[in-house]
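> In order, the protein sequence lines correspond to chains A and B. The working numbering numbers the first residue of the first sequence as 2 and each following residue consecutively. The working numbering numbers the first residue of the second sequence as 205 and each following residue consecutively. Let me give you the structure first, and then I'll get to my questions.
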Amino acid sequence: MSEAIVGANGFQPLGRWIASLLKAAAILIAAALAGICIGETRIPPETVMQTLANRLFDASYALDPIDEGIVWNYRLTRAIVAACCGAGLAVSGLVLQSLLRNALADPYLLGISAGASTGAVLVSVAGLGAGAISLSAGAFAGALAAFGLVAALARLSGGNAGVQAAGQIVLAGIAGSQLFNALTSFIITRSANSEQARGIMFWLLGNLSGVRWGEVGTAVPVVCLMLVVCLAHVRALDAFTFGADSAAALGVPVRRVQAALILVAALATAVLVSIVGSIGFVGLVIPHAARFLVGVRHARLMPATALIGAVFLIAADVLSRTLIKGQVLPIGVITALVGAPAFAFILIRSRRLR
Amino acid sequence: MILSTHDLGWSPRRGEMIVRNLDIAVREGETLGLVGPNGSGKSTLLRLMAGILTPSRGDVRLGGRSLRAMARREAAQSIALVEQHADTEDRISVRDAVEIGRTPWLSALSPWSAADDAIIDDALRAVDLEPLAARDWTTLSGGERQRAHIARALAQRPRVLLLDEPANHLDIQHQLSILDLIAGLGLTTIIALHDLNQVMACDRIAVMHDGRLRALGPPKDVLTPFLLAEVFSVGVAILSDPEDGTPILRFKPL
């Protein structure tokens, strides 16, 4: 059915493309709206709409300032950042899976989450920067350091571009991640008290509680920029279907495309991890779920991956706030708890369809 | 001279030369067979000709212009390569896989059009895969996959088609049907082959040995017992097909 709407090659005429875009925007807004309404204090959709009207268009609806504050400063920012993280992590995972021809690739493959955790514990436990550096800044620096190390290692060991290089990147990523995870454990066991260790673990599993407008201002531009760059390369990513050599034979500048896309995915992931911690599962599984729904051509697959990732993480955030009364679960726990069975279901279904 | 190599050599970084001193000129419309033992440099030569590898010495010229001076995309509009080990685990349909062949012709300014659809239809028809167009890649047999690869190469609308042992791992019926299909395309073709009896249908063959060109010419003239003993280390008795007089090589240990 969707075949008939979209056309077999996945590249749609302009009118249909706009229609799909509007549909996607509608789904995303509906999900965000639901995410804002649901929570410890239930807020009716009218109140949400009126708050938005007050803030955005200077309308003057009389509202309870507490409700208005919750909507504008807490729930809306959470929903926006959750959507950015979901879309950004899922598309990063998709790009790495396609470029490296590895179904198990995820955004943290390149050592980013391990490096971020090392940076975070250096700041929060070992007291680096004596309070002048925020946890996020430390995490971001750690993520970049780890990615730099992994990239350098992959390059030194890689030799030629192509299948071999992809394998070396995966191996370098594993080595880098292990190193930085060990550093993190080392610092924690040496100097953290149990309260700090608990805090770090909480942060590592993903946490949207501290998100305000400042974080929105970082996450939105970064993820938008990343999506634009990745969407500009959908045809090149298609050409990698039969491997890097085959892409080169089809006229794709393989090294340049690999370097640009891996760099963009890594930077976006580093920014997102430094804001919310390393939310697992999304980057690995959402691309597979999207493939199951819309097929493997990137012109359709990439927007679908971004949308599903965004909606999934908004929903996971709602669950993390409401599942246990009076307690916020780390969102990474929810993504895995809900996502793993859902993914198992998809795996079994796709087997049957073959 | 549609494709030519000039003192062509290639070595991996800090490695020995895999191919060297290659001067080969391919004529428009001819089928050139590449033969040689394993490791003689056939695949490397094809990858150099396709522009996937950059020469360490000399150059490859397309219509007299060096590939070094061309964007990868421009080269891919003229030269298509059917690799030996290209495969995917993606659940991509045959038609989608063939459509990927249009990559070098598409850009933001020239998006997919009805003309591209027609080219895909032609390519699928040329390899008799129209009935399987909607099938999943993973459900295809080896012979069908090879046909689909050729269709993808044809979708590039190349002037030169390079094939790296396309009949490898196929049963004899499918080997013959693939070679027959390639011969019927009427394109300038350079084809690496393992079976020395199958190269008899080529216009000329190039014999590779230790990365060098050992001989170049019509198969009947080139494949002498002396050369086969030197390059392949086998003895040979040359028989003749009673039907059409084609030479048949019967090999024996030296």
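For every residue, glycine included, the Cβ atom is placed at its ideal position computed from N, Cα and C.
1. Specify, as a first and last residue, the run of the beta strand (DSSP E) that A/Gly278 falls within.
2. Near B/Asp445, which residues of its chain fall below 7 angstroms by C-beta distance, leaving aside the five closest residues on each side in sequence?
3. Exposed or buried, which one is A/Thr242 when buried takes at least 16 other CB atoms within 10 Å?
4. What does A/Thr242 reach in chain B if we use C-beta pairs closer than 8 angstroms?
5. Specify the secondary structure class of A/Pro359 as computed by DSSP and reduced to three states.
6. Distance, Cα to Cα, B/Pro241 vs A/Leu302?
7. Give me whichever residues DSSP pairs with B/Pro457 in a beta bridge.
8. For chain B, check one thing: does any of its Cβ atoms lie closer than 9 angstroms to the Cβ of A/Ser247?
9. Would you say A/Gly207 and A/Gly116 are within 9 angstroms of each other, going by their C-beta atoms?
10. Please compile the residues from chain B whose C-beta is within a distance smaller than 9 angstroms of the C-beta of A/Arg213.
11. Any Cβ of chain B within less than 9 angstroms of the Cβ of A/Val7?
12. B/Gln377 by DSSP, collapsed to three states: which one?
13. For the stretch 263-292 of chain A, which residues have a CB atom closer than 8 angstroms to at least one CB atom of chain B, in sequence order?
14. Give the single residue among A/Gly327, A/Phe346 and A/Ser275 whose Cα lies nearest to the Cα of A/Ser118.
15. On the three-pair Cβ rule with 8 angstroms, is the stretch 350-360 of chain B touching the stretch 301-308 of chain B?
16. I'd like to know whether the C-beta of A/Asp59 is nearer than 9 angstroms to at least one C-beta of chain B.
17. Output the residue ranges of the alpha helix (DSSP H) runs that lie fully inside the stretch 171-231 of chain A and measure 4 residues or longer, sorted by chain position.
18. Closest by CA to A/His289, which one among A/Leu184, A/Leu97, A/Ala25 and A/Ala153?
19. Assuming A/Ala271 and A/Phe148 form a contact by the criterion Cβ under 8 angstroms, report the distance between their Cβ atoms to the nearest whole angstrom.
20. What residues in the stretch 219-239 of chain A bring their beta carbon closer than 9 angstroms to a beta carbon of chain B?
21. Closer than 9 angstroms, CB to CB, is A/Ala104 near chain B or not?
22. Which residue spans inside the stretch 106-134 of chain A form an unbroken beta strand (DSSP E) run of at least 3?
23. Along the chain, where does the beta strand (DSSP E) containing B/Met412 start, and where does it finish?
24. Judging by CA-CA distance, which residue of A/Leu184, A/Ile325, A/Leu232 and A/Ala233 is the nearest neighbour of A/Gly112?
25. Can A/Ala104 and B/Glu293 be called in contact, C-beta distance under 9 angstroms?
26. Identify which residue in B/Glu234, B/His210 and B/Ser260 has its Cα closest to the Cα of B/Gly219.
27. Pull up the CB-CB distance for B/Thr450 and B/Met412, whole angstroms please, since I reckon it's below 8 angstroms.
28. Mind pulling the chain A residues with CB within less than 9 angstroms of B/Glu287?
29. Taking A/Ser247 as the reference, which of B/Ala371, B/Gln377, B/Thr428 and B/Val286 has the closest Cα?
30. Take B/Leu249 and list the residues in its own chain whose beta-carbon comes closer than 6 angstroms to its own, dropping the five residues that flank it on each side.
31. Taking C-beta pairs closer than 9 angstroms, name the residues in chain B that A/Pro254 reaches, listed in chain order.
32. Out of B/Val298, B/Ser297 and B/Asp320, which one is the CA nearest neighbour of B/Pro308?
33. CB-CB under 7 angstroms to B/Arg272, same chain, minus the five flanking residues each way: which ones, in chain order?
34. Do you know whose CA, among A/Val295, A/Leu77 and A/Ala291, lies nearest A/Gly36's CA?
35. In whole angstroms, give me the CA-to-CA distance for B/Arg299 and A/Trp18.
36. Would you list, in sequence order, the uninterrupted alpha helix (DSSP H) runs of no fewer than 4 residues that lie entirely inside the stretch 326-403 of chain B?
Reading off the structure:
1. Within the first sequence, the letter at position 277 stands for residue 278 of chain A. It is not in any beta strand (DSSP E) - A/Gly278 carries neither H nor E in the DSSP assignment.
2. Locating residue 445 of chain B in the second sequence gives position 241, counting from the first residue. Hits under 7 angstroms: Ile452.
3. One-based indexing of the first sequence puts residue 242 of chain A at position 241. Flag for A/Thr242 reads buried.
4. By 1-based counting over the first sequence, the position of residue 242 of chain A is 241. Result: Thr292, Asp294, Ile296, Ala301 and Ile304.
5. Because chain A in this structure spans residues 2 to 355, residue 359 of chain A falls outside the shown range and cannot be described.
6. Here residue 241 of chain B refers to the residue found at position 37 when the second sequence is read from its first residue. Here residue 302 of chain A refers to the residue found at position 301 when the first sequence is read from its first residue. C-alpha separation (whole angstroms): 43 angstroms.
7. Against the second sequence, residue 457 of chain B aligns to sequence position 253. The partner list for B/Pro457 (beta bridge, DSSP) reads B/Val438.
8. What you label residue 247 of chain A is simply residue 246 of the first sequence in a count that begins at 1. Answer yes: the Cβ-Cβ gap between A/Ser247 and chain B drops below 9 angstroms somewhere.
9. What you label residue 207 of chain A is simply residue 206 of the first sequence in a count that begins at 1. What you label residue 116 of chain A is simply residue 115 of the first sequence in a count that begins at 1. No, the Cβ-Cβ distance between A/Gly207 and A/Gly116 is not below 9 angstroms.
10. Within the first sequence, numbered from 1, the residue matching residue 213 of chain A stands at position 212. Simply none; closest approach about 38 angstroms.
11. Within the first sequence, the letter at position 6 stands for residue 7 of chain A. With a pLDDT of 41 at A/Val7, under the threshold of 50, the modelled position of this residue cannot be trusted, and the question is left open.
12. Against the second sequence, residue 377 of chain B aligns to sequence position 173. In this structure, B/Gln377 counts as helix in the three-state DSSP scheme.
13. Arg292
14. The residue you call residue 118 of chain A lines up with position 117 of the first sequence. A/Ser118 has its Cα closest to that of A/Ser275, out of A/Gly327, A/Phe346 and A/Ser275.
15. yes
16. Numbered from its first residue, the first sequence carries residue 59 of chain A at position 58. With 9 angstroms as the cut-off, A/Asp59 does not count as an interface residue toward chain B.
17. 195-205
18. Position 288 of the first sequence, counting from 1, holds the residue named residue 289 of chain A. Of A/Leu184, A/Leu97, A/Ala25 and A/Ala153, the residue nearest in Cα terms is A/Leu97.
19. Counted from its first residue, the first sequence places residue 271 of chain A at position 270. Counted from its first residue, the first sequence places residue 148 of chain A at position 147. Right, their Cβ atoms sit about 7 angstroms apart.
20. Ala233, Arg236, Ala237 and Asp239
21. Taking the first residue of the first sequence as position 1, residue 104 of chain A is located at position 103. Judged by the 9 angstroms Cβ criterion, A/Ala104 is in contact with chain B.
22. none
23. As a working note, residue 412 of chain B is residue 208 in the second sequence. Its beta strand (DSSP E) spans residues Arg408 to His413.
24. On the first sequence, residue 112 of chain A is found 111 positions in, with the first residue counted as 1. Among A/Leu184, A/Ile325, A/Leu232 and A/Ala233, the Cα nearest to that of A/Gly112 is on A/Leu184.
25. Your numbering for residue 104 of chain A matches position 103 in the first sequence. Your numbering for residue 293 of chain B matches position 89 in the second sequence. Cβ distance < 9 angstroms, so A/Ala104 and B/Glu293 count as in contact.
26. As a working note, residue 219 of chain B is residue 15 in the second sequence. Answer by Cα proximity: B/Ser260.
27. As a position in the second sequence, residue 450 of chain B is number 246, starting the count at 1. As a position in the second sequence, residue 412 of chain B is number 208, starting the count at 1. The Cβ separation is near 23 angstroms, so there is no contact.
28. In the second sequence, counting from the first residue as 1, residue 287 of chain B sits at position 83. Per Cβ cutoff of 9 angstroms: Phe243, Gly244, Asp246, Ser247 and Ala250.
29. For this step, residue 247 of chain A is matched to residue 246 along the first sequence. Nearest option by C-alpha distance: B/Val286.
30. As a position in the second sequence, residue 249 of chain B is number 45, starting the count at 1. If we look at B/Leu249 and ignore the five residues flanking it on each side, its Cβ neighbours are Val223.
31. By 1-based counting over the first sequence, the position of residue 254 of chain A is 253. What A/Pro254 touches in chain B: Ala275, Arg276 and Arg277.
32. Translated into the one-based positions of the second sequence, residue 308 of chain B becomes position 104. Cα-wise, what sits closest to B/Pro308 is B/Asp320.
33. Against the second sequence, residue 272 of chain B aligns to sequence position 68. So the qualifying residues of the chain are Asp263.
34. To locate residue 36 of chain A, count along the first sequence from 1; it is residue 35. Among A/Val295, A/Leu77 and A/Ala291, the Cα nearest to that of A/Gly36 belongs to A/Leu77.
35. Numbered from 1 along the second sequence, position 95 holds the residue referred to as residue 299 of chain B. Numbered from 1 along the first sequence, position 17 holds the residue referred to as residue 18 of chain A. Their Cα atoms are separated by approximately 21 angstroms.
36. 346-359 and 376-387
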